[in-house]
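Using the working numbering, read the sequence shown as starting at 196 and increasing by one per residue.
Using N, Cα and C, we set each Cβ at its ideal position, and we do this for glycine too.
Some notes on the structure that comes next.
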Amino acid sequence: WQYVELDTSGGDVDVEQRIQQLCAAERAAVCDLANPPALRVAAIRTAADRHRLVLTNHHILMDGWSLQILLREIFVGYYGHRLPAPVSYRRFVAWQADRDRGAAETAWREVLAGFDTPTLVGPPDRLGLGPREADSFWAPEDMTQAIGVLARSCHTTVSTVLQAAWAQLLSSLTGRHDVAFGAVVSGRPAEVVGADSMVGLMINTVPVRANITPATTTTDLLEQLQSAHNHTLEHQHLSLRDMHRITGQERLFDTVFVYENYPTGAASVGSVDELVVTEATNRDYYHYPLTIQAAPGRELHLRIQFRTDVFDMATIETLMERFTQVLVDMIADPTRRLSSSDLLGSEHTRLDGWGNREVSKPATTVQAAHELHDTGDGYRAPATLVEQIVAGIYADVLDVDQVSVDESFFEMGGDSLAAMRAIAAINTAFDVRLAVTALFDAPSITSLSKQLADTSTQWKQLPP
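Next comes the structure, spelled out in structure tokens:
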């Protein structure tokens, strides 16, 4: 514990720089397990009535879920309120010791059977310590809503939808149809009483495998991932080292996907009386060269942590543009074959440089946001997410390469049967109940998108 008072009276003190220097020193200190403690707290006074609380811990002590519990307890103690008796971590240890290791190994052996080539996007020697940076991206509110709609319509979760998108991108980048990546699971079993309020290290990293063939659709892939998840749900406690052993491989992947389904931010800590928590941020460290963290909210927050000796910022930005494009394609038509889209598009040269993919297909039909423009030949590309999704459906149903937003569905060759197919796909993508006559009343992408915005109610609701 330390208390630091920054003297800002001189006016030339860079408060944020001083705080970041202290944070870096705290992180270095907790990583030195030979010199405890592995948990450090610093209270920094930045003004007469403002403080910054910096809590730094090694993962060997507790995970991100535990941190939120600890913070709440700190503020309860700050006001002198009585804390409930802590839930013993020993319960979790005892539960783990009682697991059927043989059954767990069998379940994972079945899921990983035939997986013989690790999915690596970086050099094999780039695991562990190394220079790192992070960047954040936000999915727009309408896309966040659409992801939730897709998850519900396919009877799965938002996390699984995002994992499916990541799997497709990995497949495209590596040129392999059978890919794997790590997923961080909470490791808090419902049968352990009080597990949700326990402080300690419970998370585990397990492999997610996706086998994508030329005939695989979004629906197929989501069913595949959900089925594998259900098959291994009771066995997520098995260590990654054990999985390496049963597969006979030193490593399975070098990218990790994290869905943070626990409360974070200032709201998770709460404010009491005159003490107001204005902001809460956290920073996790992963030893893999590429990690993507997704945090739910009105706008899905994606944080990318990467090794700078493997990726540069421009590559990461391009990668996330492609990730967004994958999601748009999935939302537009879950029954369309994934092989119908080229996920690398016009930026294939940059991505192929580290993905080792042989690019042989033309750019994707539905363009990324930064590529949207009037080409000067009368073609007007989609300008919004809704228009991109509708354009993808039109193109798929009519079997054309691109659709201008002001062209009529029927002037492009659509008939009543095609209209029924298009409306069915639109109803699925937006979770609405439009009649076929809606397409006759609003045959262009622009007019139909406006009608969707005016009439859809479920589209405007946040996913649970």
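Close-in-space but distant-in-sequence residues of the same chain around residue i (CB under 7 Å, 5 per side omitted)
i      : result
LEU396 : HIS254, ILE255, LEU256, MET257 and ASP258
GLN363 : ILE407, VAL521, LEU533 and LEU538
ARG213 : LEU201
PRO638 : SER603, PHE604 and PHE605
HIS246 : ALA238, ILE239 and ARG240
HIS372 : SER366, ASN406, ILE407 and THR408
GLN444 : PRO313
ILE264 : SER392 and VAL394
SER381 : TRP260, MET397 and ILE398
ASP437 : GLU300
VAL282 : GLY389, SER392 and MET393
Beta-ladder partner(s) of residue i, from DSSP
i      : result
ASP250 : According to the sequence provided, residue 250 is Leu. The question's Asp does not apply to it. VAL236.
LEU485 : THR450 and PHE501
TRP333 : HIS496
THR412 : ARG532
ARG404 : ALA375
ASN399 : VAL380
Three-state secondary structure assigned by DSSP to residue i
i      : result
LEU497 : strand
ASP293 : coil
SER367 : helix
SER639 : strand
ASN456 : coil
GLN197 : strand
PHE376 : strand
GLU328 : strand
VAL388 : coil
VAL600 : coil
THR241 : strand
THR352 : coil
ALA630 : coil
ALA490 : strand
ASN425 : helix
PHE518 : helix
ARG321 : coil
ALA362 : helix
GLN646 : helix
PHE506 : coil
MET525 : helix
GLU445 : coil
ALA298 : helix
N- and C-terminal bounds of the alpha helix (DSSP H) containing residue i
i      : result
LEU580 : 580-593
ASN477 : Unbroken run through ASN477: none, as it is neither H nor E.
PHE270 : 259-273
ALA619 : 611-625
ASP311 : Neither: ASP311 is in no alpha helix (DSSP H) and is coded neither H nor E.
PHE605 : Run containing PHE605: none; DSSP gives neither H nor E here.
HIS439 : 435-442
ILE255 : Here ILE255 belongs to no alpha helix (DSSP H), and DSSP marks it neither H nor E.
ALA224 : 210-226
Range of the contiguous beta strand (DSSP E) that encloses residue i
i      : result
ILE342 : Not the beta strand (DSSP E): ILE342 falls in the alpha helix (DSSP H), residues 336-348.
Cβ-based neighbour list, residue i, same chain, cut-off 6 Å, excluding 5 preceding and 5 following
i      : result
LEU250 : VAL236
ARG574 : The question names Arg, but residue 574 is Tyr in the sequence shown. Cβ within range, chain order: SER599.
GLU582 : VAL600, ILE640 and SER644
GLU300 : ILE441
LEU357 : ALA489
THR351 : LEU417 and GLN421
Same chain only: Cβ atoms within 8 Å of residue i, ignoring 5 sequence neighbours per side
i      : result
GLU485 : For the sequence presented, residue 485 should be read as Leu rather than Glu. So the qualifying residues of the chain are VAL316, GLY317, ASP449, THR450, VAL451, ILE499, GLN500, PHE501, ARG502, VAL505 and PHE506.
ILE588 : ALA527, ASP528, ALA617, ALA620, ILE621 and ALA624
THR414 : CYS349, PRO529 and THR530
ASN252 : VAL225, ALA233, LEU234, ARG235 and LEU262
Exercise for the section: Report yes or no: do the stretch 224-231 and the stretch 354-363 share at least 3 C-beta pairs separated by less than 8 Å? Expected result: no
Problem - the stretch 411-422 touching the stretch 285-299, judged by at least three CB pairs closer than 8 Å - result: Look at the beta carbons and you see the stretch 411-422 not touching the stretch 285-299: under three pairs across the two are nearer than 8 Å.
Exercise for the section: Answer yes if the stretch 429-436 comes into contact with the stretch 388-404, meaning at least three C-beta pairs across the two stretches below 8 Å, and no otherwise. Expected result: yes
Practice task
Could you say if the stretch 321-329 and the stretch 494-511 meet the contact criterion of at least three C-beta pairs nearer than 8 Å?
Solution key: yes
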